[in-house]
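Novice:
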Amino acid sequence: MSWAFVLIIIFFLLVFIYAMWRGSRLPKCFPNNFLINDENYKEIVICCGDSITHGRIGYDWVSKLEDEDKSRIYINAGINGDLAWNLYQRIEEIINCNPDIITILIGTNDAMGSQSKKLGNDYIKMKKLPQRPSIDWYQENYDLIISKLMNDTNSKIYLVTLPWIGEKEDDKIIDIVKNHNTVIEKLAKKHKLEVIPFFDKIDKIINANISQELKHQLAYKYMINYKRLLRIMRAIVLHYIFGFTWNKIGNKYILRTLCDFIHLNENGGLLLKDLIQVHLNSK
Numbered sequence: 001m002s003w004a005f006v007l008i009i010i011f012f013l014l015v016f017i018y019a020m021w022r023g024s025r026l027p028k029c030f031p032n033n034f035l036i037n038d039e040n041y042k043e044i045v046i047c048c049g050d051s052i053t054h055g056r057i058g059y060d061w062v063s064k065l066e067d068e069d070k071s072r073i074y075i076n077a078g079i080n081g082d083l084a085w086n087l088y089q090r091i092e093e094i095i096n097c098n099p100d101i102i103t104i105l106i107g108t109n110d111a112m113g114s115q116s117k118k119l120g121n122d123y124i125k126m127k128k129l130p131q132r133p134s135i136d137w138y139q140e141n142y143d144l145i146i147s148k149l150m151n152d153t154n155s156k157i158y159l160v161t162l163p164w165i166g167e168k169e170d171d172k173i174i175d176i177v178k179n180h181n182t183v184i185e186k187l188a189k190k191h192k193l194e195v196i197p198f199f200d201k202i203d204k205i206i207n208a209n210i211s212q213e214l215k216h217q218l219a220y221k222y223m224i225n226y227k228r229l230l231r232i233m234r235a236i237v238l239h240y241i242f243g244f245t246w247n248k249i250g251n252k253y254i255l256r257t258l259c260d261f262i263h264l265n266e267n268g269g270l271l272l273k274d275l276i277q278v279h280l281n282s283k
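All residue numbers in the sequence shown are consecutive under the UniProt record's numbering, ending with 283.
1) Of the residues 115, 114, 187, which one's Cα is nearest the Cα of residue 146?
2) Hey, which unbroken runs of the beta strand (DSSP E) at 3 residues or more fall wholly within the region 1-26?
3) Name, in chain order, the residues that DSSP records as bridge partners for residue 76.
4) Can you look up residue 264 in the DSSP assignment and give me helix, strand or coil?
5) Return yes when the Cβ of residue 23 is within less than 9 angstroms of the Cβ of residue 52, no when it is not.
6) In terms of residues, what are the limits of the beta strand (DSSP E) holding residue 101?
7) Among 17, 106, 21, 137, which residue has its Cα nearest to the Cα of residue 120?
8) With residue 93 as the anchor, note down where its alpha helix (DSSP H) starts and where it stops.
9) Can the beta-carbon of residue 241 be found less than 9 angstroms from the beta-carbon of residue 265?
10) For my contact list, residue 180 and residue 110 are in at a C-beta cut-off of 8 angstroms; report their separation, rounded to the angstrom.
11) Quick check: the Cα distance between residue 255 and residue 165, rounded to an integer number of angstroms?
12) Go to residue 173, then tell me how far its alpha helix (DSSP H) extends in each direction, as first and last residue.
13) Anyone know if the C-beta pair for residue 102 and residue 156 falls short of 9 angstroms?
14) Classify residue 64 as buried or exposed, calling it buried when 16 or more other Cβ atoms lie within 10 Å of its own Cβ.
15) In the DSSP assignment, what residue or residues form a beta bridge with residue 41?
16) For residue 135, report the span of its alpha helix (DSSP H) as first-last.
17) Quickly, what does DSSP pair residue 196 with across the bridge? List them, please.
18) Report the rounded CA-to-CA distance for residue 272 versus residue 14, giving the unit in angstroms.
19) Check whether the region 73-92 touches the region 36-51, taking contact to mean three or more Cβ pairs, one atom from each stretch, closer than 8 angstroms.
20) Assuming residue 161 and residue 262 form a contact by the criterion Cβ under 8 angstroms, report the distance between their Cβ atoms to the nearest whole angstrom.
21) Helix, strand or coil: which one does DSSP assign to residue 87?
22) When you compare only the Cα positions, how much space is there between residue 173 and residue 115?
23) Within 10 angstroms of its Cβ, does residue 61 collect 16 or more other Cβ (buried), or is it exposed?
24) Check residue 275 in the structure and name its three-state DSSP category.
25) Just grab the DSSP bridge partners of residue 258 for me.
26) Can you have a look at residue 10 and say buried or exposed, based on whether 16 or more other CB atoms are within 10 angstroms of its CB?
27) Please report the straight-line C-alpha distance between residue 195 and residue 56, rounded to a whole angstrom.
28) Would DSSP call residue 69 helix, strand or coil?
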């Protein structure tokens, strides 16, 4: 094996590692690096969630909110891969920021992890879970999150319904997402909180101006095998190394709101940003 070939392999390996690092960096304003300033009278908004909120894989809608609204401080409390249980484990960091407003968008990984035993076991290893994900466990942890925040803060809390996973309406995963959204709506009713209907707004975009027959022909499927991770890695490399937009990355699969069947493209991210902004401005 020639040295030139070895160097080429090392180069591409370093490029890949760099892209993965870019896709996993913490947000610039994260609960652990936020310093409360008594002289700052701006409202503090904390956006809690997983990678969809984290914004390193897919569109960073929290940073867009921050750029457009200088009247508030926005803290990004999203972490790649988190389930409701993981969010509850770091709830004190969120409370310590003394937030005025909290948005919660958590459950996509709970939904995916509950789809098969193998995926559930993968999440146990990856996120150090005490058990396999299930919808009952999701409800239990989400309820704990809400109760803790309501007891220990005076924040206005918004619950955001989960986005689609893939855009094929008859996929099994969509029913799983809907069931998790039913949990969100049930908890919102229990705690008298407002729900931001993200799933329904995406539904309108996906089903707009397209016949059922054409939609069936065009829609690629969300995969639970190795292709799921390959699509995520593809999106990260294309965005951070080649400068593709998230919309362009999703175009290969004819996705309207997602870039890799899980994470938001610009269309989906801006939709979520606008929904949250409207609720913040009308509170």
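In this text, a Cβ means the ideal position worked out from N, Cα and C, and glycines have one as well.
Specialist: By the coordinates alone:
1) The residue given as residue 146 occupies position 146 in the sequence shown. Considering only alpha carbons, the answer is 187.
2) none
3) The residue given as residue 76 occupies position 76 in the sequence shown. DSSP lists 47 as partners of residue 76.
4) The residue you call residue 264 lines up with position 264 of the sequence shown. Residue 264: strand per DSSP, three-state reduction.
5) Residue numbering aside, residue 52 sits at position 52 when the sequence shown is read from its first letter. Residue numbering aside, residue 23 sits at position 23 when the sequence shown is read from its first letter. For residue 52 and residue 23, no; Cβs fall outside 9 angstroms.
6) Position 101 of the sequence shown, counted from the first residue, corresponds to residue 101. Residue 101 -> beta strand (DSSP E) spans 101-105.
7) Working through the sequence shown from its first residue, we reach residue 120 at position 120. The shortest CA-to-CA distance from residue 120 to any of 17, 106, 21, 137 is the one to 137.
8) Taking the sequence shown and counting its residues from 1, the one referred to as residue 93 is at position 93. That run of the alpha helix (DSSP H) goes 91-95.
9) Your numbering for residue 241 matches position 241 in the sequence shown. Your numbering for residue 265 matches position 265 in the sequence shown. Cβ atoms of residue 241 and residue 265: not closer than 9 angstroms.
10) For this step, residue 180 is matched to residue 180 along the sequence shown. For this step, residue 110 is matched to residue 110 along the sequence shown. About 6 angstroms separates the two Cβ atoms, so the contact holds.
11) Along the sequence shown, one-based indexing puts residue 255 at 255. Along the sequence shown, one-based indexing puts residue 165 at 165. Between residue 255 and residue 165, the C-alpha separation is close to 11 angstroms.
12) As a working mapping, residue 173 is identified with position 173 in the sequence shown. Here the alpha helix (DSSP H) through residue 173 covers 172-191.
13) Residue 102 sits at position 102 when you count from the first residue of the sequence shown. Residue 156 sits at position 156 when you count from the first residue of the sequence shown. The answer is yes: Cβ separation under 9 angstroms.
14) By one-based count along the sequence shown, residue 64 stands at place 64. It counts as buried.
15) Here the question's residue 41 lines up with position 41 in the sequence shown. DSSP, once it has assigned bridges, lists no residue as partnering residue 41.
16) For this step, residue 135 is matched to residue 135 along the sequence shown. That run of the alpha helix (DSSP H) goes 135-152.
17) Residue 196 sits at position 196 when you count from the first residue of the sequence shown. The partner list for residue 196 (beta bridge, DSSP) reads 160.
18) To locate residue 272, count along the sequence shown from 1; it is residue 272. To locate residue 14, count along the sequence shown from 1; it is residue 14. Distance between the alpha carbons of residue 272 and residue 14: 34 angstroms.
19) yes
20) In the sequence shown, the residue the question calls residue 161 occupies position 161. In the sequence shown, the residue the question calls residue 262 occupies position 262. Actually they do not touch by this definition, with Cβ atoms about 16 angstroms apart.
21) In the sequence shown, residue 87 corresponds to position 87, counting from 1. In the structure shown, residue 87 sits in a helix (DSSP, three-state: H, G or I).
22) In the sequence shown, the residue the question calls residue 173 occupies position 173. In the sequence shown, the residue the question calls residue 115 occupies position 115. If you take the alpha carbons of residue 173 and residue 115, they lie about 7 angstroms apart.
23) Within the sequence shown, numbered from 1, the residue matching residue 61 stands at position 61. Residue 61 is buried by the Cβ-count criterion.
24) Taking the sequence shown and counting its residues from 1, the one referred to as residue 275 is at position 275. If DSSP states are grouped into helix, strand and coil, residue 275 belongs with the helices.
25) Residue numbering aside, residue 258 sits at position 258 when the sequence shown is read from its first letter. Residue pairing from DSSP places residue 258 in a beta bridge opposite 264.
26) Here residue 10 is taken as the residue at index 10 of the sequence shown, counted from 1. Exposed, since its Cβ has fewer than 16 Cβ neighbours within 10 Å.
27) As a working note, residue 195 is residue 195 in the sequence shown. As a working note, residue 56 is residue 56 in the sequence shown. Using only the alpha carbons, I get a separation of about 25 angstroms.
28) In the sequence shown, the residue the question calls residue 69 occupies position 69. Coil.
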